[in-house]
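Residue numbers (the numbering used here), protein chains in the order written: chain S, 48 to 866; chain A, 781 to 925.
Ideal Cβ placement from N, Cα and C applies to all residues, glycine included.
For reference, the structure discussed in these notes is given below.
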Amino acid sequence: MDEDILREFLIETYENLNKLDDDLLALEKDPGSKSVLDNIFRTFHSCKGACGFLGLKKLESITHSGENLLGALRDNKIKMDSRITDALLLAVDSIKKILAAIESERTEGSSDYSGIIDSLNALNSPVMNNVQKEISVKPSAANFSNINTEKVKSEHKQEPKDLSDEVNNLNIKEQEIFANIIDEIMNNKNTLMPEDIEAALIESKTRAAGSNKKIETGPVSTDNTLSDIVNSDIKANSSQQEAVCDAQKNQSVLDSSIRVNIDLLDKLMNLVGELVLARNQFLQIVSSSEDANFIGISQRLNLITSELQEGIMKTRMQPINNIWRTFPRVVREISASLNKKVRMEMNGKETELDKTVIEAIKDPLTHIIRNSIDHGIEEPEIRKKKNKDVEGVLALRAFHEDGQVNIEISDDGAGIDINAVKQKALQRELISASQAAVMSDKDLLNLIFLPGFSTAKKVTNISGRGVGMDVVRKNIEKIGGTVDLENKPDGGTIVKIKIPLTLAIIPALIVTCGKDSYAIAQVNLLEIVRLKSFEARKKIEEIYGSPVYRLRGKLLPLVYLNKELKTESGCCHCDINSAEDYNVNIIVLQAANRQFGLIVDAINDTEEIVVKPLDKLLKNIPVFAGATIRGDGKVALIIDVLGLAKSSGVISTINDKLIYEKNFSIAKHNSETKRLLLFKNYDGGRMGILLSKVSRLEDLPASNIEKSGGLDVVQYRNQIMPLINLSNILPERRSDERKHEGSSYKDNIQLVVYSDEEKSYGIVVESIIDIIEAQLELQNATAREGTFGSCVILNKVTEILDMDSIIKKFETMIMNSSK
Amino acid sequence: MEINVLEKQYCTFYLCDLFLGIEVTRVQEVLKYNEITSVPLAPKVICGLTNLRGQIVTAIDLRRRLELPERPAEDNYMNIIIKNEESVYSFLVDKIGDVIEISEKNFEPAPETLKGVARELIKGAYKLKESLLLILDTHQVLNLI
């Protein structure tokens, strides 16, 4: 077994178990607490999952039974009481015992735990729950001794027969104690002599006699039997622990590294951050000094600080492969147990992540991988029928983008069946039928992130209990990340995880807006454009009120920081027409894969800043990623470029809030959905044509344009097709200088071919943007001739063309010119 | 002994004409003026962030929280630093009073007739000789979301 994995497993499970004790007691006090129950359930679940692929059978069966019991509790099939708590605590103790055994001797130990498993199972039936607990304990004790005596027999064939008969004749209580004694002997000596068994027999009878009275007294006795098991467990535990102590003397694997509390590292990190800031200030003072000694010392201080910073950073950064390397094996074993063939691909193993982040994403990733194989990738026969490669592919990809770590888990399986999701959600009453009717596919897909949701037809050992995706989401969101799903029916699923790089020292650009300074992470920064006021007046143009700037021929949407932050004091020079002279600073930023320009009052400097999270009261302001303390001791807010892009509409907001939440509102159905072709006209405006009117899109070299009777035409499918320049047809609202002359098209031209009954026309456009489905809510106020009006599509004002009237106008124009 | 059990210490302060108190165990320290960086788009009661020896602390204007008239811009304010769960907050108040020890038997819960935010934020009042000391529920004050 892989030492690293095992060690990680031990450390993690120990930690979880310690929490479990408290949680169980808390649950007993407050049986209604769903969150505590969920926590316990998850611990059992993840422990079981890990056992599964580590091949720890005993541990797996205990956790499995425990999980079943907890599952029943969670579904309100049975009620929490002290007996269940006892049994669960007992299970926890047994798990600890097995862990100790694994730690010292790398096996699960020889003890038998069927008693505990049986009692857990017994409690897990509503009928049995009411019956005396004794019943659940009895078979356990019997099993206990039977198995042990059998083992004894096999080890010592010369053992007299009457001895084993005598063992079998013991009453339950005695059997149990006998088993304990045998166990102890086994633990201490590892061999069993017949004399030992005899001695044990006598001992167990005398010990049992002491507690016999209690057995008769009914309910109390059950507690006693249980507590005896507990005691015996503790005894066994202590002997195991001795073994552990011995083992540790010759064992250095666990001691070669020390575990440092992440809080301590955080604190060190913060202190180093402060040190960096102090050094920055210090160096400023030094620069004006002439004392050579002083300068020398400061340089050393500078160097040491840098190295210290680097070192501390390194203690926290780990390649993602640290967690990935366990996955091929997980995949192999899961796929083997499901009779599926899965090939694993990993890209970006070396991507480094902060320690806290790595810890937090480990479980979610495991869950997602399990889900992908269990629910996603189909059985080989089905794949063959679907004409897919028999071997499914599970791909992991990690990369840095926009100051975030991106992790993608994709499979080429069946994808998620949206209808099944809908049915399941209805069945579990997570949504109402009326909600389901109006929910989009995307929203339906997001339902799988709800607690207790699972579309698996049966509960398997691997997944399907519904703890998967809600845990994934919870854990990822806890570290400020996002989870997104991309689903192709029959083409597979891609789970996209984005995690911000917080808690680190990052280089940032400090800008001013109004009287306050803000920091922008340099990773988001592409370039800075500075315009003199007279240039700005000309170069910052507007498309229906939204400012744009032509950056090397491409339109860059502009965002005024003061407008976004709604600060009255910030001037940001929005008044382009003011007579004063000033500079306009455009910071070109990258968010996701969009670029936009942010206009600020002033650009100060770049600084190394320590990112500190905002208080929870301020967490729901999307434009801030955190705050930092600057060299002068002032607090500056850090701008979240992605959040800013979303809130300003540069990127259409992805509605990842679940629709069932209180904001639920019924989608508007009064306007029809139409398919539109969006394109950019030569005047910079965005326009749309109903796709049904478009026959083809063409990209032709401009040299193909010929002149015929004063018209621009091209040869197209053995026909002469006239070209329409919309700017010449639509009533122009702009100054004439921008009008595009047909003959000056550069290089290639983009044509939208529109076909009337018998004739084709080529509409010359600057670029094709997209084909989309949109609801047309036309605002006719701005309609000009040849258009139906404008509406907002993808957050941009788009004019919808009335082709019939344009063609009519075009024809009359030809008629007029030929006259 | 009995008296000790029933006595509680309160850090008192003034807001407009109100005399208020916070349990002294919840108060970390009291500070004079501290520069505050405002947070745009934040709820109005949050006046911003301030640097408390390297820690970023969220400052809450109690006048705004209690929906009292705005503090005149030229008036100084004081910071009461409060620890709540894991976070630290600064409450802005007009003036700091003494730390006083009062017997529990003088306490009375807020009257039913108390209206608006005061009803949520004020636990009750201690009947002092010359005035009433209103006890602020710090948890509720921070319950903004």
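Cβ-based neighbour list, S:D851, same chain, cut-off 6 angstroms, excluding 5 preceding and 5 following
Stepping through the first sequence from its first residue, residue 851 of chain S is reached at position 804. Answer for S:D851: no residue qualifies.
Where DSSP assigns a beta bridge to A:I915, which residues make up the other side? Mapped onto the second sequence, residue 915 of chain A falls at position 135. Note: A:I915 sits in a beta bridge opposite A:G801 and A:G904.
- Task: Verify whether the separation of the beta carbon atoms of S:I359 and S:L330 is less than 9 angstroms.
- Result: Within the first sequence, the letter at position 312 stands for residue 359 of chain S. Within the first sequence, the letter at position 283 stands for residue 330 of chain S. No; because the gap between Cβ atoms is not below 9 angstroms, this pair is not in contact.
Using the three-state DSSP reduction, which class does A:L813 fall into: helix, strand or coil?
To locate residue 813 of chain A, count along the second sequence from 1; it is residue 33. The question names Leu, yet the displayed sequence has Tyr at residue 813 of chain A. Three-state result, A:Y813: coil.
> To the nearest angstrom, how far is it from the Cα of S:V558 to the Cα of S:I575?
Replying inline: Stepping through the first sequence from its first residue, residue 558 of chain S is reached at position 511. Stepping through the first sequence from its first residue, residue 575 of chain S is reached at position 528. About 12 angstroms.
So with Cβ pairs under 9 angstroms, would you call S:D85 a contact of chain A?
Residue numbering aside, residue 85 of chain S sits at position 38 when the first sequence is read from its first letter. Chain A contact via Cβ: absent.
Checklist line | Given S:I853 as reference, the closest of S:L825, S:L773, S:Q470 and S:D648 once Cα atoms are compared | finding: Along the first sequence, one-based indexing puts residue 853 of chain S at 806. Ranking S:L825, S:L773, S:Q470 and S:D648 by Cα distance to S:I853 puts S:L773 first.
Margin query: Can you tell me which residues form a DSSP beta bridge with S:I752?
Written below: Taking the first sequence and counting its residues from 1, one reaches residue 752 of chain S at position 705. None, per the DSSP bridge assignment.
Point to revise | Residue closest to S:E655, alpha-carbon to alpha-carbon, out of S:N317, S:E152 and S:S151 | key: As a working mapping, residue 655 of chain S is identified with position 608 in the first sequence. Ranking the options by Cα distance to S:E655, first place goes to S:N317.
Can you name the residues of chain A whose CB is closer than 7 angstroms to the CB of S:V682? As a working mapping, residue 682 of chain S is identified with position 635 in the first sequence. Correct list: T817, L829, T830, N831 and I836.
CB of S:V530 within 9 angstroms of CB of S:F496, strictly: Here residue 530 of chain S corresponds to residue number 483 of the first sequence, with the count starting at 1. Here residue 496 of chain S corresponds to residue number 449 of the first sequence, with the count starting at 1. Yes; because the gap between Cβ atoms is below 9 angstroms, this pair is in contact.
- In chain S, what lies closer than 7 angstroms to A:I861 by C-beta? Within the second sequence, the letter at position 81 stands for residue 861 of chain A. Within chain S, no residue comes near A:I861; the closest Cβ sits about 13 angstroms away, beyond 7 angstroms.
Notebook entry, point to check: What does S:S158 pair with, by DSSP beta-bridge criteria?
Noted result: Residue 158 of chain S sits at position 111 when you count from the first residue of the first sequence. Partner(s): none; S:S158 has no beta bridge.
- request: State the beta-bridge partners of A:C791 as determined by DSSP.
  value: Residue numbering aside, residue 791 of chain A sits at position 11 when the second sequence is read from its first letter. In DSSP, A:C791 forms a bridge with A:I802 and A:V879.
Can you find a C-beta in chain S that's less than 9 angstroms from the C-beta of A:S867? Here the question's residue 867 of chain A lines up with position 87 in the second sequence. Yes, contact with chain S.
Assign S:D165 to one of three DSSP states: helix, strand, or coil. As a position in the first sequence, residue 165 of chain S is number 118, starting the count at 1. DSSP places S:D165 in helix when its eight states are reduced to three.
Checklist entry - Cβ atoms of A:I860 and A:I802: under 9 angstroms apart, would you say? => result Position 22 of the second sequence, counted from the first residue, corresponds to residue 802 of chain A. Position 80 of the second sequence, counted from the first residue, corresponds to residue 860 of chain A. Yes, these two residues count as a Cβ contact at 9 angstroms.
task: Ignore the nearest five residues each way along the sequence and tell me which others in S:L724's own chain have a CB closer than 6 angstroms to its CB.
output: Taking the first residue of the first sequence as 1, we reach residue 724 of chain S at position 677. So the list reads I736, L738, V741 and I818, once near-sequence residues are dropped.
Inset, instruction - Consider the Cβ of S:I553: report whether some Cβ of chain A lies at a distance smaller than 9 angstroms. - result: Translated into the one-based positions of the first sequence, residue 553 of chain S becomes position 506. Judged by the 9 angstroms Cβ criterion, S:I553 is not in contact with chain A.
Three or more beta-carbon pairs under 8 angstroms between the segment 675-689 of chain S and the segment 869-885 of chain A, yes or no? no
Point to revise | Short CB-CB distance (under 9 angstroms) between S:I634 and chain A | key: For the purposes of this step, residue 634 of chain S is identified with residue 587 of the first sequence, where counting begins at 1. Chain A, which has no Cβ nearer than 9 angstroms to the Cβ of S:I634, makes this no.
request  = Report the three-state DSSP secondary structure of S:K659 (helix, strand or coil).
outcome  = Within the first sequence, numbered from 1, the residue matching residue 659 of chain S stands at position 612. If DSSP states are grouped into helix, strand and coil, S:K659 belongs with the strands.
- How is S:D310 classed by DSSP in three states: helix, strand or coil? Position 263 of the first sequence holds residue 310 of chain S. Looking at S:D310 - three-state DSSP - the assignment turns out to be helix.
- Query: What's the call for S:S837, buried or exposed, on a 16-neighbour Cβ count within 10 Å?
  - Reply: As a first step, residue 837 of chain S must be located in the first sequence, where it is residue number 790. By the neighbour-count rule (16 or more Cβ atoms within 10 Å), S:S837 is buried.
For S:D817, the residue or residues it bridges with in DSSP: As a first step, residue 817 of chain S is located in the first sequence; it is residue number 770 there, counting from the start. DSSP output for S:D817 lists S:L725 as bridge partner(s).
| task | Kindly give me the distance between the Cβ atoms of S:N368 and S:G462, rounded to whole angstroms, as I take these residues to be in contact under 8 angstroms. | result | On the first sequence, residue 368 of chain S is found 321 positions in, with the first residue counted as 1. On the first sequence, residue 462 of chain S is found 415 positions in, with the first residue counted as 1. Their Cβ separation, rounded to whole angstroms, is 28 angstroms, which puts S:N368 and S:G462 out of contact at 8 angstroms.
Check: By Cβ distance below 8 angstroms, which residues in the same chain neighbour S:L101 in space, the five residues on each side in sequence not counted?
Finding: In the first sequence, the residue the question calls residue 101 of chain S occupies position 54. Excluding sequence neighbours, S:L101 sits near M48, I52, L53 and F56.
Next item on the list: Verify the CB distance criterion: does S:T614 have a CB-CB separation below 9 angstroms to chain A?
Entry: Position 567 of the first sequence, counting from 1, holds the residue named residue 614 of chain S. By this cut-off, S:T614 is an interface position.
Quick one: residues in its chain with C-beta nearer than 7 angstroms to the C-beta of S:M393, no 5 flanking neighbours on either side, listed in chain order?
The residue you call residue 393 of chain S lines up with position 346 of the first sequence. So the list reads W371 and L443, once near-sequence residues are dropped.
query = Between which two residues does the beta strand (DSSP E) harbouring S:F91 extend?
reply = For this step, residue 91 of chain S is matched to residue 44 along the first sequence. Not the beta strand (DSSP E): S:F91 falls in the alpha helix (DSSP H), residues K81 to L101.
Grouping DSSP H, G and I as helix and E and B as strand, with all else coil, what is S:D490? Locating residue 490 of chain S in the first sequence gives position 443, where the first residue counts as 1. Note: S:D490 maps to helix in three-state DSSP.
Tell me whether the beta-carbon of S:A138 lies closer than 9 angstroms to the beta-carbon of S:I109. Taking the first residue of the first sequence as position 1, residue 138 of chain S is located at position 91. Taking the first residue of the first sequence as position 1, residue 109 of chain S is located at position 62. In contact: S:A138 and S:I109 (Cβ atoms closer than 9 angstroms).
**Request:** Tell me, please, whether the CB atom of A:A898 is closer than 9 angstroms to any CB atom in chain S?
**Result:** Your numbering for residue 898 of chain A matches position 118 in the second sequence. No, no contact with chain S.
*Pick from S:R577, S:L605 and S:E397: whose alpha carbon is nearest that of S:K843?*
In the first sequence, counting from the first residue as 1, residue 843 of chain S sits at position 796. The residue with the shortest Cα to Cα distance from S:K843 is S:L605.
Considering only residues of the same chain and omitting the five flanking positions on each side of A:D878, which have a CB-CB separation below 7 angstroms?
Within the second sequence, the letter at position 98 stands for residue 878 of chain A. Taken in chain order, the residues that qualify are T792.
### Query
Around the C-beta of A:L922, are 16 or more other C-beta atoms found within 10 angstroms, so that it is buried, or is it exposed?
On the second sequence, residue 922 of chain A is found 142 positions in, with the first residue counted as 1. Buried is the call here.
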